[in-house]
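Sequence lines, in order, name chains X and R.
Residue numbering for the first sequence follows our numbering, starting at 3 and increasing by one per position.
Residue numbering for the second sequence follows our numbering, starting at 20 and increasing by one per position.
Take a look at the structure below.
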Amino acid sequence: AQSVTQLGSHVSVSEGALVLLRCNYSSSVPPYLFWYVQYPNQGLQLLLKYTTGATLVKGINGFEAEFKKSETSFHLTKPSAHMSDAAEYFCAVRRTNFGNEKLTFGTGTRLTIIP
Amino acid sequence: DSGVTQTPKHLITATGQRVTLRCSPRSGDLSVYWYQQSLDQGLQFLIQYYNGEERAKGNILERFSAQQFPDLHSELNLSSLELGDSALYFCASSRPDGGGYTFGSGTRLTVV
Numbered sequence: 003a004q005s006v007t008q009l010g011s012h013v014s015v016s017e018g019a020l021v022l023l024r025c026n027y028s029s030s031v032p033p034y035l036f037w038y039v040q041y042p043n044q045g046l047q048l049l050l051k052y053t054t055g056a057t058l059v060k061g062i063n064g065f066e067a068e069f070k071k072s073e074t075s076f077h078l079t080k081p082s083a084h085m086s087d088a089a090e091y092f093c094a095v096r097r098t099n100f101g102n103e104k105l106t107f108g109t110g111t112r113l114t115i116i117p
Numbered sequence: 020d021s022g023v024t025q026t027p028k029h030l031i032t033a034t035g036q037r038v039t040l041r042c043s044p045r046s047g048d049l050s051v052y053w054y055q056q057s058l059d060q061g062l063q064f065l066i067q068y069y070n071g072e073e074r075a076k077g078n079i080l081e082r083f084s085a086q087q088f089p090d091l092h093s094e095l096n097l098s099s100l101e102l103g104d105s106a107l108y109f110c111a112s113s114r115p116d117g118g119g120y121t122f123g124s125g126t127r128l129t130v131v
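This is how it looks when you write it as C-alpha cells:
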C-alpha cells in the first residue's frame, strides 16, 4: 500500500521568501507523485506531477518539486512567495500499474503568506 | 473551468433523506473518482469507475452507492443521511496515461 506524509499542517512564510512544503511517501512500487493546490471554496488543481524521467519537475505558478528516491521525498518549493500562493497544498501518490490509478492524498498543508 | 462538472454546487437536506450528486467527466476521460473532504477526515477516496465498471472501492459507507452511465457521467447516491455526512464531495476524472486527476469544483452537502 502507498501512503503520503506531509510534515507541517500549517506553514507561514513572508512574501518574497522561499516556500518549502514537505512530502514523504511510502510505496512498494515505483510511484507517481503529485502536488495539488486548493483555494478556498474550490476544487483541487494540479500543480505538477512526477511520473518518469527527470526528477526535478516544474509546475505552474513558479512551483517545482524534486523526486528523491533515496529519501522517499517529493518536497514542493517556490523561490519567492506571493500573496496569491496562500492556499492548501496536497501531496498525493499512486501506483503506476494500470487498473490501480487511485490517488492517495496527504493531510494537506495550509500555506499562509505574511505581507 | 477544469472540464469536470459537478451539480449541484450546494445541497442542504435533513437527516434521514437521500440525495444524488452528479458528475460529468472531462471529455475523453474514462475514469471517474469520488472523494469526500471533511475537516476531521481530510480527503477520503470513496470509489472509482472506469468506463462504466466499478474499479476500486475505498472508505465508502454501505449507505452510499455510485454508478457510471454509458455516456460516462457518474452519480453518487447518499441515503439515510446523518449529520456526519456533511462534507465537500469531489468528483475527478482521468485518462489511463499515468497522469493526475482533473477535479470538479465539488458539491457542498450540509445535513441538518
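Ideal Cβ placement from N, Cα and C applies to all residues, glycine included.
Beta carbon of residue i nearer than 8 Å to that of residue j
i: residue 87 of chain X; j: residue 113 of chain X; result: yes
i: residue 25 of chain R; j: residue 125 of chain R; result: yes
i: residue 46 of chain X; j: residue 76 of chain X; result: no
i: residue 38 of chain X; j: residue 94 of chain X; result: yes
i: residue 22 of chain R; j: residue 121 of chain R; result: yes
i: residue 130 of chain R; j: residue 107 of chain R; result: no
i: residue 95 of chain R; j: residue 104 of chain R; result: no
i: residue 33 of chain X; j: residue 8 of chain X; result: no
i: residue 115 of chain R; j: residue 65 of chain R; result: no
i: residue 40 of chain X; j: residue 90 of chain X; result: yes
i: residue 39 of chain R; j: residue 100 of chain R; result: no
Supposed close pair residue i, residue j - CB separation, criterion 8 Å
i: residue 106 of chain X; j: residue 10 of chain X; result: That belief does not hold up - the Cβ atoms of residue 106 of chain X and residue 10 of chain X are roughly 19 Å apart, past 8 Å.
i: residue 78 of chain X; j: residue 69 of chain X; result: Actually they do not touch by this definition, with Cβ atoms about 11 Å apart.
i: residue 109 of chain X; j: residue 77 of chain R; result: Going by Cβ atoms, the distance from residue 109 of chain X to residue 77 of chain R rounds to 16 Å, so no, they are not a contact pair.
Interface residues of chain X facing residue i [CB-CB closer than 7 Å]
i: residue 120 of chain R; result: 105
Partner residues on chain R for residue i, Cβ-Cβ distance less than 7 Å
i: residue 44 of chain X; result: 124
i: residue 36 of chain X; result: 119
Buried or exposed (CB count within 10 angstroms, at least 16 for buried), residue i
i: residue 30 of chain X; result: exposed
i: residue 67 of chain R; result: buried
i: residue 116 of chain X; result: exposed
i: residue 44 of chain R; result: buried
i: residue 133 of chain R; result: Given a span of 20 to 131 for chain R in the structure shown, any question on residue 133 of chain R remains unanswerable.
i: residue 103 of chain X; result: buried
i: residue 16 of chain X; result: exposed
i: residue 52 of chain X; result: buried
i: residue 109 of chain R; result: buried
i: residue 82 of chain R; result: exposed
Chain X contact residues for residue i, given Cβ-Cβ distances below 9 Å
i: residue 105 of chain R; result: Result: empty, since nearest Cβ-Cβ is about 15 Å, beyond 9 Å.
i: residue 64 of chain R; result: 104, 105, 106, 107
8 Å Cβ cut-off: residues of chain R touching residue i
i: residue 65 of chain X; result: Neighbours of residue 65 of chain X on chain R: none; closest Cβ ~14 Å, over 8 Å.
i: residue 92 of chain X; result: 62
Residue i Cβ short of 7 Å to the ligand ATP heavy atom set
i: residue 39 of chain X; result: This structure simply doesn't include the ligand ATP, nor any ligand for that matter.
Cross-chain neighbours of residue i in chain X, by beta carbon under 8 Å
i: residue 109 of chain R; result: 45, 46
Contacts of residue i in chain R (Cβ-Cβ under 9 Å)
i: residue 110 of chain X; result: 61, 62
Taking only runs that begin and end inside the segment 9-43 of chain X, name each unbroken beta strand (DSSP E) of 3 or more residues, in chain order. 12-16, 21-28, 33-40
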